[in-house]
Amino acid sequence: METQEYLSDKLKNCTSYDLTTEDKKLLDDFGVEEFIYKKLTSKKFRKWSLAKDVKERIRQTIHLNVGANQPIEFRFPFGGYKLWRLPTTPEVDWAEFFTIAYYCQYLAPILKAYKPGVSFIFSSDDIIIERMDNVSKKDTDAYFDSFKTLLGCFQKHFPSNMKMEIMRIADLYPNKNDFEAELKERISQITEDSKSWDKAEWDKLLKMSELNIKFIGVEDWASLSEEEKQDKIKAGVIYHHSYISVPRRRAYNRGEGKIVVFTTVIPNAIAIGTTKTSVTKFWTGVGVLEMKENGFSDRILSPEQWGRVKDTKHEIVNLDVISLKNFKQVRAFPDEFNFRH
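So in the numbering used here, spot 310 of the sequence shown is number 332, and the numbers just go up one at a time.
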C-alpha cells in the first residue's frame, strides 16, 4: 500500500469496525454495559493498569450514561498548543492526525454496539498558556483553528452517533473575571500547599516547567537574570497546579457522567497513549511513519527523539490528504525505532 493510500484509508475508515463473534457473544451474555467496559479497558489500547477505584468509576459512568440512553461522555484535557520547540509549530501535524485516528478506532466498537454512541471532547487549556509558558495567543489560536479544521476532515466520515470536538475551557467563563477569581483563589492555596512538597517532586516539576517555557516569546524572558528566570519557572509550576484545579474546569472534565482519557497516567483516567506504539503527547510531539515489510506504523516522536532521528535516513513523501500546511508531506523512516515508546 502506498503512503497516500494508507493515510487516506486511515481518514476515510476512521471508525470502521465489524462486531466479531466474540463481541456478539459478550453482548448477548453480559449486555451492552459490560461490552463497553471491556472495550474501554482493553489491553489492545490501554498502556497502563487501572486502579480498583478507577475501574469502579468507569463502570458507574457507563451505567449512568446507558441508563439515560445518552452518549458515553469522554473528556481529554490537554494543553491546546503546539510545543514551540517543534518544527511544525504552531499548527497541528501528523501527530494530531494519528492520535485522532487511533482514538476513533478505540471508540469504534462502541459505536457499532451502542446506538446513542459517544461524545468525545478535547478540552483545550490554552487560556493559561500565555502567562504560564510565554506563548502568544496568536499561536494558540492558530493551533485551535488548525485542530478544528483537522477534526472537520474526520467528521465527514463519522457515523451519526459519533461526536468528536475540541472546545476551550475559556468558553466556560463568559465573564473572564470569574476565571481570574477562581484562579487567584487556587494560586493562594497551591502556593501554601507547595511548601510541603519534597525536593524530588519540586525538581521534577521545575524541569517540566522550564522545558515548556518559550523564553523569547510574548515577552523577552531570555534577558532576565538567572534568579528572575527561576522565578518564572517556579511560577509556571504554581500556575499549572492552580489552573488544573479551578472548579469550573474540574466539573467540566471530571464531573459525574464523564470518563477521562489521557496519553499517560493521571488520576482517574484511562491511559491509552497516542498511537499503538506511542505515548508521547501529540501537542508536544511530531508525527512520522515507520515503514515495515507489510505496511506502516504511526509514530509520535518527543522533541528529544525527534532530535535523534531527524537527520537519519528517511523519505519525504509528498501528499494530498489534508489541506493544512503541515500535511503536504510526511517523513517515512525505513526501520522501526527502538524507542521504548
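Glycine residues also receive a C-beta, built at the ideal position from the N, C-alpha and C atoms.
{"Item": "Taking buried to mean at least 16 other C-beta atoms within 10 Å of its own C-beta, is P181 buried or exposed?", "Value": "exposed"}
{"Item": "Leaving out five residues on either side along the sequence, give the residues of the same chain with a beta carbon under 6 Å from the beta carbon of E312.", "Value": "S319, R321, F355, E358"}
{"Item": "Measuring CB to CB, does L172 end up less than 9 Å from I122?", "Value": "yes"}
{"Item": "DSSP three-state call for M313: helix, strand or coil?", "Value": "strand"}
{"Item": "Using a Cβ-Cβ cut-off of 6 Å (strictly less than) and excluding sequence neighbours within five positions of C36, which residues of its own chain qualify?", "Value": "A123, C126, F176, H179"}
{"Item": "Among all the DSSP beta bridges, which residues are the ones paired with K185?", "Value": "S141"}
{"Item": "When we look at the beta-carbon of F52 and count the other beta-carbons within 10 Å, is it buried (16 or more) or exposed?", "Value": "exposed"}
{"Item": "Look at the alpha carbon of T296 and the alpha carbon of K350, and state the distance between them as a whole number of angstroms.", "Value": "22 Å"}
{"Item": "Between W106, N183, K34, which has its C-alpha nearest L233's C-alpha?", "Value": "W106"}
{"Item": "Measuring straight from C-alpha to C-alpha, what distance separates D185 and H263?", "Value": "Reading off the sequence, residue 185 comes out as Lys, not Asp. If I take the Cα positions, the gap works out to 30 Å."}
{"Item": "Under 8 Å by Cβ, that's how I've got A293 and R68 pegged, so tell me the actual separation to the nearest angstrom.", "Value": "7 Å"}
{"Item": "Pick from T334, G329, P325, G309: whose alpha carbon is nearest that of L29?", "Value": "G309"}
{"Item": "Indicate whether the contact test is met: 3 or more Cβ pairs, each with one atom in the segment 157-169 and one in the segment 269-288, closer than 8 Å.", "Value": "no"}
{"Item": "Rounding to the nearest angstrom, what Cα-Cα distance links E214 and D220 in this structure?", "Value": "13 Å"}
{"Item": "Output the boundary residues of the beta strand (DSSP E) element that contains K280.", "Value": "280-284"}
{"Item": "Among F166, S141, D333, which residue has its Cα nearest to the Cα of V282?", "Value": "S141"}
{"Item": "Hey, R81 and K280: beta-carbon distance below 9 Å or not?", "Value": "no"}
{"Item": "Rounded to whole angstroms, what's the CA-CA distance from L228 to T286? Just pull it up for me.", "Value": "19 Å"}
{"Item": "Based on Cα-Cα distance, which residue from E337, L49, D253 lies nearest to K134?", "Value": "L49"}
{"Item": "Helix, strand or coil for E24 per DSSP?", "Value": "coil"}
{"Item": "Buried or exposed: A291, going by 16 or more other Cβ atoms within 10 Å of its Cβ?", "Value": "buried"}
{"Item": "Do you know offhand how far S245's Cα is from E24's?", "Value": "49 Å"}
{"Item": "Measuring CB to CB, does S324 end up less than 9 Å from T299?", "Value": "no"}
{"Item": "Pull up the CB-CB distance for I149 and R208, whole angstroms please, since I reckon it's below 8 Å.", "Value": "Contact doesn't hold; Cβ gap of about 13 Å is too wide."}
{"Item": "Please list, in chain order, all residues of the same chain as I151 whose beta carbon is under 6 Å from its beta carbon, the five residues on each side excluded.", "Value": "Y103, V157, T162"}
{"Item": "For L346 versus S168, is the C-beta distance shorter than 9 Å?", "Value": "yes"}
{"Item": "Cutting at 6 Å between CB atoms, please list the residues of its own chain near L33, excluding the five before and the five after it.", "Value": "none"}
{"Item": "Ordered along the chain, which non-local residues of its own chain (more than five positions away) have a Cβ less than 6 Å from that of T111?", "Value": "K104"}
{"Item": "Quick check: the Cα distance between H336 and V352, rounded to an integer number of angstroms?", "Value": "10 Å"}
{"Item": "Can you tell me which of the three DSSP states P99 falls into?", "Value": "strand"}
{"Item": "One question on the structure: do D147 and Y265 come within less than 9 Å of each other, judged by their Cβ atoms?", "Value": "yes"}
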